[in-house]
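Peer 1:
Protein chains: 4
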Amino acid sequence: MQINIFDCVSPLDFRYYGPDLKLRERLAPYVSERGRLQSELRVEATLVAVLEERGLCPPGTAAEVAAATDKVTVEDWAAEDARIHHETRALVNCLQRQVSAAARPFIHFTLTSFDVKDTAAAWRFRRLAEKVLVPDLLELERVLIELALREKDTLQIGRTHGQHAEPITFGFALSGAVSRLAGRIAALQTAAQNLRGKISGAVGAYNAGHLFFEDPEQLERDLLARLGLEPSPSSTQIVEPEFLADYVHALVTTFGVLADLADDMRHLQRTEIAEVGEAFEQDQVGSSTMPHKRNPWNFEHVKSMWKAFMPRIVTVYADQLSEHQRDLTNSASARFVPEMAVALAASVVRLRRQMSRLVTDPGNMRRNFELTAGLVVAEPAYILLAAHGHPDAHEAIRKLTQQAQTTGKGIVDLLQESDELRPYWERFTPAQREILASPEEYTGIAAEKTVRICTRAKEALGIP
Amino acid sequence: MQINIFDCVSPLDFRYYGPDLKLRERLAPYVSERGRLQSELRVEATLVAVLEERGLCPPGTAAEVAAATDKVTVEDWAAEDARIHHETRALVNCLQRQVSAAARPFIHFTLTSFDVKDTAAAWRFRRLAEKVLVPDLLELERVLIELALREKDTLQIGRTHGQHAEPITFGFALSGAVSRLAGRIAALQTAAQNLRGKISGAVGAYNAGHLFFEDPEQLERDLLARLGLEPSPSSTQIVEPEFLADYVHALVTTFGVLADLADDMRHLQRTEIAEVGEAFEQDQVGSSTMPHKRNPWNFEHVKSMWKAFMPRIVTVYADQLSEHQRDLTNSASARFVPEMAVALAASVVRLRRQMSRLVTDPGNMRRNFELTAGLVVAEPAYILLAAHGHPDAHEAIRKLTQQAQTTGKGIVDLLQESDELRPYWERFTPAQREILASPEEYTGIAAEKTVRICTRAKEALGIP
Amino acid sequence: MQINIFDCVSPLDFRYYGPDLKLRERLAPYVSERGRLQSELRVEATLVAVLEERGLCPPGTAAEVAAATDKVTVEDWAAEDARIHHETRALVNCLQRQVSAAARPFIHFTLTSFDVKDTAAAWRFRRLAEKVLVPDLLELERVLIELALREKDTLQIGRTHGQHAEPITFGFALSGAVSRLAGRIAALQTAAQNLRGKISGAVGAYNAGHLFFEDPEQLERDLLARLGLEPSPSSTQIVEPEFLADYVHALVTTFGVLADLADDMRHLQRTEIAEVGEAFEQDQVGSSTMPHKRNPWNFEHVKSMWKAFMPRIVTVYADQLSEHQRDLTNSASARFVPEMAVALAASVVRLRRQMSRLVTDPGNMRRNFELTAGLVVAEPAYILLAAHGHPDAHEAIRKLTQQAQTTGKGIVDLLQESDELRPYWERFTPAQREILASPEEYTGIAAEKTVRICTRAKEALGIP
Amino acid sequence: MQINIFDCVSPLDFRYYGPDLKLRERLAPYVSERGRLQSELRVEATLVAVLEERGLCPPGTAAEVAAATDKVTVEDWAAEDARIHHETRALVNCLQRQVSAAARPFIHFTLTSFDVKDTAAAWRFRRLAEKVLVPDLLELERVLIELALREKDTLQIGRTHGQHAEPITFGFALSGAVSRLAGRIAALQTAAQNLRGKISGAVGAYNAGHLFFEDPEQLERDLLARLGLEPSPSSTQIVEPEFLADYVHALVTTFGVLADLADDMRHLQRTEIAEVGEAFEQDQVGSSTMPHKRNPWNFEHVKSMWKAFMPRIVTVYADQLSEHQRDLTNSASARFVPEMAVALAASVVRLRRQMSRLVTDPGNMRRNFELTAGLVVAEPAYILLAAHGHPDAHEAIRKLTQQAQTTGKGIVDLLQESDELRPYWERFTPAQREILASPEEYTGIAAEKTVRICTRAKEALGIP
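Protein chains in written order, with this note's numbering: chain A, 831 to 1294; chain B, 831 to 1294; chain C, 831 to 1294; chain D, 831 to 1294.
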């Protein structure tokens, strides 16, 4: 069934995913409805392979069924589902029609719908991470590392509360994103590898399987192993829901790291700050009415998508509750989970593109730094006073900064003028006095730490 | 651009909305991407109509532009947007290409993108309520009223904590949903009528409009009036966000009422309770492996959709914050709001269908009632004791019920056997004793109240 | 039972509410556990008053019970609750002990716990709005109006996407908060007035009441009227939950308006922008290590509280679902709702204090404006070009701004230099040319609109 | 400062935590405000210990400071904080007053507030897990294991969609909770062990530390190691927020497992099902007006608390965003995180108590099972038909069950009566026919799996 993309209601389908053929092609096997059906057919075929391996069906059945899975179309399935209102039975019926009468009984043999659906979902979500999300996140990480290393020595004022605090380097600021993203990539990998399937029947007690298989848990393990999965340690009609919750938590917290980075970039692009900028294309329009505008709209977009998708984890948490051996109130809701991955994937691509061509302005960084360079030394001044024995150094310097703001004089000058503080000043070493004279040197170990973080991230993630 | 529906990622597009042509046709003008563009063209055309009315453009321009809006295709727009990365400017460019050079300058004249977009959104959401959501909710309400009135005398045990409490009637139970739904329909109507537009320019101060119009606020009022809207009392680049928040709150709380009703119905369908059932079609399959199953899956579905969509209001609340005269982090997120209305609309249709053919089983209702009929009189017994002067009636009856459960005797018998309580019993009037003998009569004013609630709902909502 | 405030776990109790005796005194009757018990005793006493009015109990009983409510202590109640594990029965027992045997039977006569609890909660939440929240919000509104009017002519650059857009005035920026807050105050008033009680018994069918009262709904109306309430149009064991949901929605969206204002203020306080500042006390410390810091921590605090409390509305929405005539899974959760009101109340007080002594810096506002004054005219230039017949004015000016940024020349100069555009320029009226020369005049109707919004808010809210 | 517990506004403080002295005593060091201050003093003292170890302060200073931490009272601190409005500086001032002038400069030397606060928080949350949450969860797990093993052979009908599905055992049903809880305990342990501290100064670049320490990262590692912590791989003013997000995710998903179990128990306690019951005390009251009620209120309570606290994770996710080197909008919000742990802890205790004295009714379990025993064989019948070569077994049995419901006959009888199906029946082995005759045997490997799950959980968690 064809639909004009503009008749869709989901912004993913008509805007962020549907028209982006490159992204769509990569994600489709794991997130589209077609992909879902194909993955479920794969589970059905895998069952028959395991049955044949055990001599429970005639040789050749597995190959026949595997070949038949290619012949089942989503259109056939949809028509059958419309007739009988049961999507897994519809799938089974469609598949059975494509095989010989001899093969038919072995399809879906002893399975319940959610043996197929939950197992296929685990397979899809795991592959989705391995084939798309993690590789794309690694690409983003690579870009961030490159940028952080390039800017590791670029002086920038560090800001807390939106106020100038102490100097850092722009590369150091980026290294925080590098480190956090590395952590999340690892978390996503772990959660993806830990997704589980199940082949334990209608209420999880292997009721049907036990009739035919000596060790139905072994059959479950064998079948799942062929799909690269392990079984849920316990199951009802469904897999324990916590494995998926962990996975979605990894998605959401990864999204949070992206949103935080994007948020910083858009603030650094504020007119008054202007330390970075989104690259603009020649023909690009910034505003329908203000021809001069250059908005950080891609960064804004990433944060906006995060706002749209983050709260949806509440649904996943709510779906941890399922009455007795299961109620169906997690069925429709769970169908929306792939959207979260798509939103993240699209945001990763966008952010990578923007960060890889980020325009930085070291001149403005220095200009901004100099706005408060004189006050920045308040911290080292107070600590040096303390180190040289002043019993109430913080308070002394706090008053000095008030004086500096009133008089316009520098802190170092005021320090030397003060009868109370001069004696301490005189004990300062030349190197210590130098720091107070050159606040731009007061960046701690920003540059080395940047290198260290990037190196560690590369090693941990296998980035060359 | 065509897409196979099964290549979509949104369950709305591939399952709940896309393939439901009847629902889709009705909703599309208000929720699809095509509908969005058309509504924005309508705003652009309305501007020119107002300009012409004021003599600010040559006679005939409005008609020319109005005619041109039909010629702008979504495909044209998408191509232009891909080129310049600004969707409203792209719309304006497309529209300008369809008109004479003389008409061109009046298109989008003095407007900013969000004059168009927010105004069009208000128009769409309002119409969506008026043309689809409210009529469909009224249909559901009509079904519920009919059912409540039909079952107003059907004895059912009232349950609190899942435990038998006091008797009611099934119609009375339904009348709660009637009343609550009536309240929510009214709330949705109010919120929809209160959605606002804006024609106040890039930062809300009518900067450009002020250059050309004597009273730009009057122009705003006139333009919006033609769309059935009033202006936002203040605006920045965007309309005050609280009007939409109220609207979404109305959607979400309406959904909650539906989910609560669905939840009750599915519990009443539990095997052990079996007081109601979803109608089943002849060919329908209940389970892929348990051919005997008849699951309340439509009721489960409604609750599941509610779980999927309710938490999304958090995004709308988050979008109340927009920096200064606006940041764009509410842009992508706001595109997903129509999905909430679609999910609700689909659930309304589904619930109406199920409720209109609900299978009820008065026999099972009575059977269940009788399980605890003997204990149900504990409440009237205690109150009658109190009314006749027993100073600690609740405690006395509490002990009596423990005795009843131990001995298997009825409360009335134990009451008469008790030396302490018999004197009070003897003061009971015959009518009072009758109540204790006939617990099925102890339904209060369930039936009358049902009628009263239904009558009031019909009057309030204009249901004949 | 006394507890050291620092042994509490709730930041409200140990930090934001508990130690603020002034705030606590005003809120306590409506939000503390003691206040809850007292309001429930009030409902019990009101019942007896109504019974006496109807001649259903001896004259004087109501007065006796009313007097007795003062004698029930929370400590008595807690001890009884610990004994019998039922808080309403414990309350009844305690009250009964304080009255004569003759009066005892009339206490709680025909009521169920939630007749008392839901009615008392409606009374408390309504009073809370009327006595504290709305008055305090009006105080804040008054401060904002004063500030907006004072600054109505103070030039400020309007910002979208964090980028300079078009000029406004600082008062105009504030007037948006004035307008939105006025809307929310009205919404809160409406929702508070619409809270409902119930006196309909254990399953809402007036089962017990019907035994003794000719018209139990009339008794319900009479009782509630004495508390200033109307009855829930339908009820189960509990009031329809949507009335409270509307109230909490009003709280949360009000909080959103506060958070948005606070967010803007903290960004305007950024070092590079420095257009406003939080007033600092002489002894106040900005940072434990950076003696020079002056952080917008009160504004940050308001946003932080909003982040902490806004998502909690999800619980209220979840509590719309209650099985059959009620399950208790909304009991503990509902106890936390008053915290939301406390968090809002504390934030209102804080924001009012900060806004009433906000430090503004018109000099920095102008300095910032001038950063881009030359580009600001791009919008009027493009619209004037269009108005004078240029068929593609936006594109022409877009290119001109790129040229301006490259060459450093002004847009007006470039306009005159351009062979293509000069002819249009020559048609500009002197007034139109004046605008392009004086971008600081291009503030639309910012000042008048500010006055209009403030006047309307004052009228609507009865602020003198 | 003392407060009467009933004047508190938090239900934790006045009801669930405050009055429960046993629980409070265990939790207080990690969740109360007093505990917070003490843990922060511990960090300050640890700094001096590390300084002394490196010869950076005179011998004996560390001991002096450590001793002084005991002398700082929360009251002192609160008074100082009220004076200077900076809680960490207030703490430092208080501590400095308790030491000699010689020791004073070394307190807080080179630290920023959040070096202390984030490190102390990591220490508290980790200890909270290790000392209270995990041990209590293990206690609950032990109770569940015991119960599951005791009931491993107790026949129960498995339910999906609230409908009878296939038979299991009650112990098997419980084993799902055992398994899921084991998984969550492990997740919580991992997340707790992974919480990180930081000693990297005001913007995370070790600016001050670098002035005085050769390797400030080594000092950070040493200091944190004394607290059992590792450093955040990167930091700004604060630790990377993902470590806490993982911890809260573990809390919330653990809570979900509890809520799911509680939800099942309360449904099994429904009057019509009555398979389990909460133990009731002799004097306990079930309803203020219905003396016969025995409500599953503890189970309801656990679900209610989950509803109240689960959505709060949204705040934690929102706090992943912090502008530049930090904004303070995560400050107030983060103070509420300990409440989530308290709510969970209280629910664990409650659930353990209820489950350890759960009343089970195997008679009712069997009675319920027998309601549909005849239909339960539909699944094995269909699979056996398929196994013996029937090409459309599911459809055949689906029709048979419709026939069974119409005629009242058993499926096995109908099978033998059917000309079409009898041939297959005749191929069934005696053992297979036996299954159809004895549906209560059709429990798969429920009992063995229960044992396996419990054994694995015990091993994994070190439960003897």
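We put the CB at the ideal spot given by N, CA and C, even for glycine.
1. DSSP beta-bridge partners for R1026 of chain C?
2. For a contact defined as C-beta to C-beta under 9 Å, what are the partners of M1135 of chain A on chain E?
3. By the three-class DSSP mapping on this structure, what secondary structure does N1160 of chain B have?
4. Mark L851 of chain C as exposed unless 16 or more other C-beta atoms lie within 10 angstroms of its C-beta, in which case mark it buried.
5. Give the single residue among A:H916, A:R927, A:T1190 and A:L1018 whose Cα lies nearest to the Cα of V964 of chain A.
6. So T1159 of chain B contacts chain A; which residues on that side make the cut at Cβ distance below 7 Å?
7. Going by DSSP in three states, V1106 of chain B sits in which element: helix, strand or coil?
8. Can you give me the Cβ contacts of L1098 of chain C inside the same chain, cut-off strictly under 7 Å, excluding the 5 residues immediately before and after it?
9. Are the beta-carbon atoms of Q1184 of chain A and E1108 of chain A separated by less than 8 Å?
10. Residue ranges of each alpha helix (DSSP H) run of no fewer than 4 residues wholly in the stretch 1238 to 1268 of chain C, ordered along the chain?
11. Assuming F1073 of chain C and L1151 of chain C form a contact by the criterion Cβ under 8 Å, report the distance between their Cβ atoms to the nearest whole angstrom.
12. Among B:P1126, B:A1223 and B:F1199, whose alpha-carbon lies nearest the alpha-carbon of E1271 of chain B?
13. Got a sec: is the Cβ-Cβ distance from M1140 of chain D to anything in chain A below 8 Å?
14. Kindly list the residues whose CB is nearer than 8 Å to the CB of E863 of chain D, restricted to its own chain and excluding five residues on each side of it in sequence; keep chain order.
15. To the nearest angstrom, how far is the alpha carbon of A1295 of chain B from that of A1075 of chain B?
16. So which residues of chain C does F1002 of chain B contact, with C-beta pairs closer than 7 Å?
17. At a CB-CB cut-off below 8 Å, which residues of chain D make contact with R864 of chain C?
18. If you draw a straight line from the alpha carbon of A1193 of chain A to that of Q1232 of chain C, how long is it in whole angstroms?
19. Who are the Cβ neighbours of G848 of chain C in its own chain at under 6 Å, not counting the five residues just before and after it?
20. If E1070 of chain B sits next to P1063 of chain B, beta carbons under 8 Å apart, how far is it from one beta carbon to the other, in whole angstroms?
21. If you pair each beta-carbon of the stretch 990 to 1004 of chain A with each one of the stretch 951 to 961 of chain D, do three or more pairs fall below 8 Å?
22. Is DSSP giving I1227 of chain B helix, strand or coil here?
23. Starting from N834 of chain A, trace the beta strand (DSSP E) in both directions and tell me its first and last residue.
24. List the residues of chain B whose Cβ lies closer than 8 Å to the Cβ of V1087 of chain C, in chain order.
25. Taking the DSSP output, what are the residues bridged to R773 of chain D?
26. Check each residue of the stretch 1233 to 1260 of chain B: if its Cβ is closer than 8 Å to any Cβ of chain A, include it; give the result in chain order.
27. Does F844 of chain B get closer than 8 Å to chain A when you measure Cβ to Cβ?
28. What did DSSP end up calling I937 of chain D once you bin it into helix, strand or coil?
29. Along the stretch 1091 to 1111 of chain C, where does the CB come closer than 7 Å to a CB of chain A? Name the residues.
30. Evaluate M831 of chain A with the Cβ neighbour count: other Cβ atoms within 10 Å of its Cβ, from every protein chain shown; 16 or more gives buried, anything less gives exposed.
31. Compute the Euclidean distance between the alpha carbons of D1149 of chain A and D843 of chain C, then round it to the nearest angstrom.
32. Can you round the beta-carbon distance between L977 of chain C and L1011 of chain C to whole angstroms, since I take them to be within the 8 Å contact cut?
33. If we define contact as Cβ-Cβ less than 8 Å, is V1144 of chain B a contact residue for chain D?
Peer 2: On the basis of the data shown:
1. The residue you call residue 1026 of chain C lines up with position 196 of the third sequence. According to DSSP, which records beta bridges pairwise, R1026 of chain C is partnered with C:E1060.
2. Although the question refers to chain E, the structure presented lacks it and instead comprises the protein chains A, B, C and D.
3. In the second sequence, the residue the question calls residue 1160 of chain B occupies position 330. In the structure shown, N1160 of chain B sits in a helix (DSSP, three-state: H, G or I).
4. Residue mapping note: residue 851 of chain C aligns to position 21 of the third sequence, counting from 1. By the 10 Å Cβ count, L851 of chain C comes out exposed.
5. Locating residue 964 of chain A in the first sequence gives position 134, where the first residue counts as 1. Here the closest residue by C-alpha is A:L1018.
6. The count along the second sequence starts at 1 and reaches residue 1159 of chain B at position 329. Chain A residues near T1159 of chain B: E1130, K1133, S1134 and K1137.
7. Taking the second sequence and counting its residues from 1, the one referred to as residue 1106 of chain B is at position 276. Looking at V1106 of chain B - three-state DSSP - the assignment turns out to be strand.
8. The sequence position of residue 1098 of chain C within the third sequence is 268, counting from 1. Closer than 7 Å at the Cβ level, and outside the excluded window around L1098 of chain C, lie E1105 and V1106.
9. As a position in the first sequence, residue 1184 of chain A is number 354, starting the count at 1. As a position in the first sequence, residue 1108 of chain A is number 278, starting the count at 1. In this structure, E1108 of chain A lies closer than 8 Å to Q1184 of chain A by Cβ.
10. 1241 to 1247, 1252 to 1257 and 1260 to 1267
11. As a first step, residue 1073 of chain C must be located in the third sequence, where it is residue number 243. As a first step, residue 1151 of chain C must be located in the third sequence, where it is residue number 321. The Cβ separation is near 16 Å, so there is no contact.
12. Within the second sequence, the letter at position 441 stands for residue 1271 of chain B. For the residues B:P1126, B:A1223 and B:F1199, the minimum Cα distance to E1271 of chain B belongs to B:F1199.
13. Here residue 1140 of chain D refers to the residue found at position 310 when the fourth sequence is read from its first residue. By this cut-off, M1140 of chain D is an interface position.
14. On the fourth sequence, residue 863 of chain D is found 33 positions in, with the first residue counted as 1. Counting only Cβ-Cβ distances below 8 Å, and skipping sequence neighbours, we find V904.
15. Residue numbering for chain B in the displayed model covers 831 to 1294; residue 1295 of chain B lies beyond these limits and cannot be assessed.
16. Numbered from 1 along the second sequence, position 172 holds the residue referred to as residue 1002 of chain B. What F1002 of chain B touches in chain C: A1035.
17. Translated into the one-based positions of the third sequence, residue 864 of chain C becomes position 34. Near R864 of chain C (Cβ distances below 8 Å), the residues of chain D are N834, F836 and D837.
18. Mapped onto the first sequence, residue 1193 of chain A falls at position 363. Mapped onto the third sequence, residue 1232 of chain C falls at position 402. A quick correction: the sequence has Gly, not Ala, at residue 1193 of chain A. If you take the alpha carbons of G1193 of chain A and Q1232 of chain C, they lie about 20 Å apart.
19. On the third sequence, residue 848 of chain C is found 18 positions in, with the first residue counted as 1. Same-chain partners within the cutoff: I835.
20. Numbered from its first residue, the second sequence carries residue 1070 of chain B at position 240. Numbered from its first residue, the second sequence carries residue 1063 of chain B at position 233. About 7 Å separates the two Cβ atoms, so the contact holds.
21. no
22. Counted from its first residue, the second sequence places residue 1227 of chain B at position 397. In this structure, I1227 of chain B counts as helix in the three-state DSSP scheme.
23. Position 4 of the first sequence, counted from the start, is the residue given in the question as residue 834 of chain A. First-last of the beta strand (DSSP E) with N834 of chain A: Q832 to N834.
24. Walking along the third sequence from the start, residue 1087 of chain C turns up at place 257. Simply E1072 and Q1150.
25. No statement about residue 773 of chain D is possible, as the shown extent of chain D runs from 831 to 1294 and does not include it.
26. none
27. On the second sequence, residue 844 of chain B is found 14 positions in, with the first residue counted as 1. Output row for F844 of chain B: interface = yes.
28. Taking the fourth sequence and counting its residues from 1, the one referred to as residue 937 of chain D is at position 107. DSSP places I937 of chain D in coil when its eight states are reduced to three.
29. R1096, H1097, Q1099, R1100, T1101, E1102 and I1103
30. For the purposes of this step, residue 831 of chain A is taken as residue 1 along the first sequence, with counting starting at 1. Exposed: under 16 other Cβ atoms inside 10 Å.
31. Counted from its first residue, the first sequence places residue 1149 of chain A at position 319. Counted from its first residue, the third sequence places residue 843 of chain C at position 13. Answer to the nearest angstrom: the Cα atoms are 33 Å apart.
32. By one-based count along the third sequence, residue 977 of chain C stands at place 147. By one-based count along the third sequence, residue 1011 of chain C stands at place 181. That belief does not hold up - the Cβ atoms of L977 of chain C and L1011 of chain C are roughly 12 Å apart, past 8 Å.
33. As a position in the second sequence, residue 1144 of chain B is number 314, starting the count at 1. V1144 of chain B counts as touching chain D.
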